[in-house]
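Novice:
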Amino acid sequence: MKNLAGLMKQASQMQSKMEEMQASLEKIEIEGSSGAGMVQVTMSGKGDMKSIRIDPKLADASEMELLQDLIVAACVDAKTRLDQRASEEMSKVTGGLNLPPGLKLPF
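For the sequence shown, counting from 1, position 9 maps to 9 in the UniProt record's numbering; every step adds exactly one.
1) For the segment 31-46 and the segment 4-18, state whether three or more C-beta atom pairs, one from each stretch, are separated by less than 8 Å.
2) Go through the segment 26-53 residue by residue and report every complete run of the beta strand (DSSP E) that reaches 3 residues or more, in order.
3) Quick check on the burial criterion: 16 or more other C-beta atoms within 10 angstroms. Buried or exposed for S34?
4) Please work out which residues of its chain come closer than 8 Å, Cβ to Cβ, to M38, disregarding the five sequence neighbours upstream and downstream, and give them in chain order.
5) Quick check on V72: buried or exposed, where buried means 16 or more other Cβ atoms within 10 Å of its Cβ?
6) Below 8 Å between beta carbons: does that hold for I28 and R81?
7) Which same chain residues, not among the five before or five after S51, have their C-beta less than 6 Å away from its C-beta?
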């Protein structure tokens, strides 16, 4: 029974660390870009878009499709960077143990 109690205590500590990590991620902002930096998107740690910057050179009606593609690409870049950062932070908490997304501890 001591092993089970110790395991539950470790799981509870890991859950606390995960909650702290998630709270710290919510405070960060990640930037993604496309078109050699002509479009830049800033996202919160929760994945919400906070701002977008577009080079004025792209504000041409004939380039609208390119601009739209660059905005999507910048959003994808920001989301990819955010996911990578979250994964790195999660790895620190779990000691490299890959847990399924959304797993809550203790079980």
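Note that the Cβ used here is the ideal one computed from N, Cα and C, for glycine as well.
Specialist: A quick look at the data gives this:
1) no
2) 29-34, 39-44
3) Mapped onto the sequence shown, residue 34 falls at position 34. Buried: at least 16 other Cβ atoms inside 10 Å.
4) Residue mapping note: residue 38 aligns to position 38 of the sequence shown, counting from 1. Result list for M38: I54, D55, K57, L58, L70, in chain order.
5) As a position in the sequence shown, residue 72 is number 72, starting the count at 1. Label assigned to V72: exposed.
6) The residue labelled residue 28 in the question sits at position 28 within the sequence shown. The residue labelled residue 81 in the question sits at position 81 within the sequence shown. Not in contact: I28 and R81 (Cβ atoms no closer than 8 Å).
7) Counting from one through the sequence shown, the residue named residue 51 turns up at place 51. The residues are T42.
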